[in-house]
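J.:
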Ligand SMILES: [Zn+2]
Ligand SMILES: [Zn+2]
């Protein structure tokens, strides 16, 4: 019955929608459409929460005349949060296919150099080492997508690892440690953390730091807006009941958002400081390379300072692949802390 009623409406809307999709092609993709819808909803939510305070709180406008810096900083934070949101959502989380292309391009370049100089070439970039002897093998890696990448990925695993167990059946690419296929993005992501529906992209090696800054700015904005709401209610309570009802309702929603954001900020700070991902923490027992490692041992952690540096300061870190730690390294990390360890800052170095 319902479908019989909705069909004529759908049919009559179809030409209009077709015209819309032709004008804006990205709207034709349902996933893209829902992502754009969520982005629009998020921006609207920000505008509503901030707009209402300026609309109702007339003393705030007065205050700007005496203390213009106060509102200037608040508006700057508001703009910075939205800018950070769009930067994070537009940034690549570090796709395995891009890393493979990058590695193959480098290999092709080094092969060219080594062919002309008749010398083996190698390049070291953090944990990612590209080593090849192109002049000896005489193979061309440019265009053939796997050979150099396969070698590079195998070097990151313990000897004897089967390449078949590392190949993603969707992308047909070998996954380095910590990479995972995202079914929403339909691609493998390096250091996969989670797929964020609000951002419309994955959070991974390439944008985890930006994501952290976004949550941090969002928390600060939420807190400051909450303070303004409380200040309004303190000064204007019982003046107009309907305004109070709106403000109290928005304040309750804001408080819920704030609790969620604070917990998220603390959680991601912990993940960054210990070099873990949400996926690794949640699925620790199911991930083969983490199985059997004691709970409080962080196998990829290089100490708080280096973890922070690696994630936030190394620009080329998008393709900074990490190898699996050896049994000896795990054993070293499992060693209980002594007073001397605290004195020598073992957790930081
Ligand atoms: Zn994949
Ligand atoms: Zn994704």
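In the UniProt record's numbering, the protein residues as written are 1 to 349. Even glycine gets a Cβ: it sits at the ideal position worked out from N, Cα and C.
Hey, out of 254, 170, 176, whose CA is closest to residue 162's CA?
T.: Its Cα nearest to that of residue 162, the residue 176 stands out among 254, 170, 176.
J.: With a cut-off of 8 Å on the beta carbons, I'd call residue 182 and residue 195 a contact; round off their distance for me.
T.: 5 Å
J.: Please classify residue 276 as buried or exposed, where buried requires at least 16 other C-beta atoms within 10 Å of its C-beta.
T.: buried
J.: Pick out every residue whose C-beta is nearer than 5 Å to a heavy atom of ligand 2: which are they, in chain order?
T.: 182, 184, 185, 195, 202
J.: What do you get for residue 191, buried or exposed, if any count of 16 or more other CB atoms within 10 angstroms of its CB means buried?
T.: Result: buried.
J.: Going straight from the alpha carbon of residue 193 to that of residue 250, what length do you get?
T.: Looking at the two C-alpha atoms, the distance is approximately 31 Å.
J.: Express the C-alpha separation of residue 99 and residue 284 in angstroms, rounding to a whole number.
T.: 25 Å
J.: Report yes if the CB atom of residue 322 is closer than 8 Å to the CB atom of residue 210, and no otherwise.
T.: no
J.: If I measure Cβ to Cβ from residue 324 and keep anything under 7 Å in the same chain, skipping five residues before and after, which residues do I get?
T.: 156, 157, 158, 177, 289, listed in sequence order.
J.: With which residues is residue 63 paired in a DSSP beta bridge?
T.: DSSP lists no partner for residue 63.
J.: Does the Cβ-Cβ distance between residue 187 and residue 97 come in under 8 Å?
T.: yes
J.: Nearest CA to the CA of residue 33: which residue from 255, 291, 198, 225?
T.: 198
J.: Is residue 274 closer than 8 Å to residue 309 when the C-beta atoms are compared?
T.: no
J.: Please report how far the alpha carbon of residue 170 lies from the alpha carbon of residue 91, in whole angstroms.
T.: So the alpha carbons of these two residues sit roughly 22 Å apart.
J.: With a threshold of 7 Å, establish whether the CB of residue 232 neighbours any heavy atom of ligand 1.
T.: no
J.: Quick one: give me the first and last residue of the beta strand (DSSP E) that residue 282 is part of.
T.: Where residue 282 is concerned, there is no enclosing beta strand (DSSP E), although the alpha helix (DSSP H) it sits in stretches over 278 to 282.
J.: In whole angstroms, what is the alpha-carbon distance linking residue 76 and residue 167?
T.: 46 Å
J.: Less than 7 Å separating the Cβ of residue 170 from some heavy atom of ligand 1?
T.: Yes; taking the cut-off as 7 Å, the Cβ of residue 170 has a heavy atom of ligand 1 nearer than that.
J.: When the Cα atoms are used, what is the spatial distance from residue 46 to residue 307?
T.: Each residue's Cα considered, the two are about 32 Å apart.
J.: Report whether the distance from the Cβ of residue 178 to the nearest heavy atom of ligand 1 is below 7 Å.
T.: no
J.: Answer yes if the stretch 250 to 262 comes into contact with the stretch 219 to 238, meaning at least three C-beta pairs across the two stretches below 8 Å, and no otherwise.
T.: yes
J.: Please go through the UniProt domain "Palmitoyltransferase DHHC" (165 to 283) and give each complete beta strand (DSSP E) segment of 3 or more residues, from N-terminal end onward.
T.: 180 to 182, 187 to 189, 194 to 196, 201 to 203
J.: Would you kindly report the start and end of the unbroken alpha helix (DSSP H) that includes residue 305?
T.: 304 to 312
J.: Mapping the DSSP letters down to three states, classify residue 298 as helix, strand or coil.
T.: Three-state result, residue 298: coil.
J.: Just to check my reading of the structure: residue 287 and residue 280 have Cβ atoms closer than 8 Å, yes? What is that Cβ distance to the nearest angstrom?
T.: 6 Å
J.: For residue 243, which residues from the same chain have a beta carbon less than 6 Å from its beta carbon, with the 5 sequence-adjacent residues on both sides left out?
T.: 56
J.: Between which two residues does the alpha helix (DSSP H) holding residue 94 run?
T.: Run containing residue 94: none; DSSP gives neither H nor E here.
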